[in-house]
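Residue numbers (our numbering): 5 to 301.
Backbone N, C-alpha and C define an ideal beta-carbon position, used for all residues, glycine too.
This report concerns only the one structure given below.
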Amino acid sequence: MRIFLTGATGFIGSAVAEQLLSSGHNVLGLARSDKAVEALKTRGLDVHRGELSEPETLAAAARECDGVIHTAFIHEFSQYVNNAGIDRRAIAAMLGAVEGTGKPVVATSVTTLSKLGQLVTEKDDPLDEGALSARGASERAVINAAKRDVRSSVVRLPCSVHGPGDSAFVPWLIAIAREKGVSAYVGDGANRWAAVHRLDAARLYCLALEKASGGSKLHAVAEEGIPMRDIAQAIGDGLDLPVKSIAIAEADAHFGHLAHFVTVDNPTSSAITRDLVGWEPRENGLLADMRQCGYFS
Numbered sequence: 005m006r007i008f009l010t011g012a013t014g015f016i017g018s019a020v021a022e023q024l025l026s027s028g029h030n031v032l033g034l035a036r037s038d039k040a041v042e043a044l045k046t047r048g049l050d051v052h053r054g055e056l057s058e059p060e061t062l063a064a065a066a067r068e069c070d071g072v073i074h075t076a077f078i079h080e081f082s083q084y085v086n087n088a089g090i091d092r093r094a095i096a097a098m099l100g101a102v103e104g105t106g107k108p109v110v111a112t113s114v115t116t117l118s119k120l121g122q123l124v125t126e127k128d129d130p131l132d133e134g135a136l137s138a139r140g141a142s143e144r145a146v147i148n149a150a151k152r153d154v155r156s157s158v159v160r161l162p163c164s165v166h167g168p169g170d171s172a173f174v175p176w177l178i179a180i181a182r183e184k185g186v187s188a189y190v191g192d193g194a195n196r197w198a199a200v201h202r203l204d205a206a207r208l209y210c211l212a213l214e215k216a217s218g219g220s221k222l223h224a225v226a227e228e229g230i231p232m233r234d235i236a237q238a239i240g241d242g243l244d245l246p247v248k249s250i251a252i253a254e255a256d257a258h259f260g261h262l263a264h265f266v267t268v269d270n271p272t273s274s275a276i277t278r279d280l281v282g283w284e285p286r287e288n289g290l291l292a293d294m295r296q297c298g299y300f301s
């Protein structure tokens, strides 16, 4: 199949691109800069020049291809609501372009959109209120598109998608620990992050493209819940820094824009996903990756 892939130069999208190519698919990657164009061409991808904020060009690419995988998102938390709106309009355009065709569209969501503090399963819907709910509308649009003859599904990503080249939550926590001289967690640190290796996540996107039925919600989760105190301990060990608990009232001052995520309790199951599409994670877990993959270099 010829697949339109957004986020093709990103941490997850680049792994999805390699998985697609190795499975014999042709990939049309979205690029918004000359540097991205050259990077995609070098890796053997065709290139579609455009941006997430240009829904009409996304629709044209989706219409041209046999399927879509959407991994792109603008990760600037100070503009989260605005960026969620850009994502929603981009998804609407691509879904509209393939409506009535039965083509597969795999979009990205996150596990933290569902109720926190309990085990999240694929049966749970995103909440329609709260700090992160703005992105839930995108997920609902994808699921509802199955009623209009689109084989649409979402892959929900956990707090940590890790592996060589990771530049998100764990590296941000490492940078904070270096700056503060201490690796901290909040309260007793029993709150949990789910996690997955980027290569395992990439394999799930491709399985969703090939196998998922319309309206499927899939969880790219290899580890259901790692206590934050264990992540903090791994950071302390890696940097040779003390590890300590801080009060929740201190979280904003210590962690800045990460305070919400550091206090999140988001254990997540992927049992239904494994049964539906036969996905089995096989890469390193988060703590092993932190020790072995250059997180502290």
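Contact under 7 Å by Cβ, residue i with residue j
i: A94; j: L62; result: yes
i: V225; j: A198; result: yes
i: L56; j: A12; result: no
i: V41; j: V31; result: no
i: S156; j: G218; result: yes
i: V72; j: F8; result: yes
i: H201; j: G229; result: no
i: A101; j: R67; result: yes
i: P175; j: T272; result: no
i: G240; j: S187; result: yes
i: Q23; j: R286; result: no
i: R233; j: G289; result: no
i: K215; j: E126; result: no
i: A35; j: R53; result: yes
i: A236; j: Y189; result: yes
i: A88; j: R139; result: yes
i: A205; j: M294; result: no
Under the three-state DSSP convention, the category residue i falls into
i: G71; result: strand
i: E227; result: strand
i: R286; result: coil
i: A255; result: helix
i: G198; result: Before going further, note that residue 198 is Ala rather than Gly in the sequence given. Three-state DSSP puts A198 in a strand.
i: S82; result: helix
i: G113; result: A quick correction: the sequence has Ser, not Gly, at residue 113. Strand at S113.
i: A76; result: coil
i: V268; result: coil
i: A12; result: coil
i: L131; result: coil
i: S18; result: helix
i: G298; result: coil
i: K215; result: helix
i: S118; result: coil
i: G183; result: What sits at residue 183 in the sequence shown is Glu, not Gly. It is helical.
i: D204; result: helix
i: D234; result: helix
Per DSSP, the bridge partner or partners of residue i
i: I7; result: V31 and G71
i: A94; result: Per DSSP, none; premise fails for A94.
i: P108; result: R155
i: Y189; result: S249
i: K221; result: V158
i: V124; result: T272
Nearest candidate by alpha-carbon position, reference residue i, set the options
i: D129; options: A138, L123 and R144; result: R144
i: I252; options: I180, G240, N195 and A96; result: N195
i: H223; options: R233, M232 and A212; result: A212
i: E183; options: A111, C69 and F259; result: F259
i: T116; options: I7, V124 and A263; result: V124
i: S249; options: T277, G14 and A181; result: A181
i: Y275; options: Q83, E227 and S82; result: In the sequence under discussion, the amino acid at residue 275 is Ala, which differs from the Tyr named in the question. Among Q83, E227 and S82, the Cα nearest to that of A275 belongs to E227.
i: L25; options: M5, A35 and S37; result: M5
i: P59; options: H74, D70, G48 and R47; result: H74
i: H261; options: S27, A150, F81 and R92; result: F81
i: F265; options: S27, L120, Y299 and V109; result: L120
i: S113; options: E103, L99 and S137; result: S137
i: V109; options: Y189, V190 and C69; result: C69
i: A96; options: Q83, S37 and V146; result: V146
i: G106; options: A76, V154 and F300; result: V154
i: G28; options: G17, L49, N86 and D38; result: L49
i: P246; options: G185, N270 and G104; result: G185
Contact test: residue i Cβ vs the ligand PLP heavy atom, cutoff 6 Å
i: Q296; result: Absence of the ligand PLP is noted for the structure shown, with no ligands found whatsoever.
| Taking the runs of the alpha helix (DSSP H) that are 4 residues or longer, which of them lie wholly in the stretch 30 to 60? | 38 to 46
| Curious, which full-length beta strand (DSSP E) runs of at least 3 residues does the stretch 133 to 179 contain? | 155 to 161 and 164 to 166
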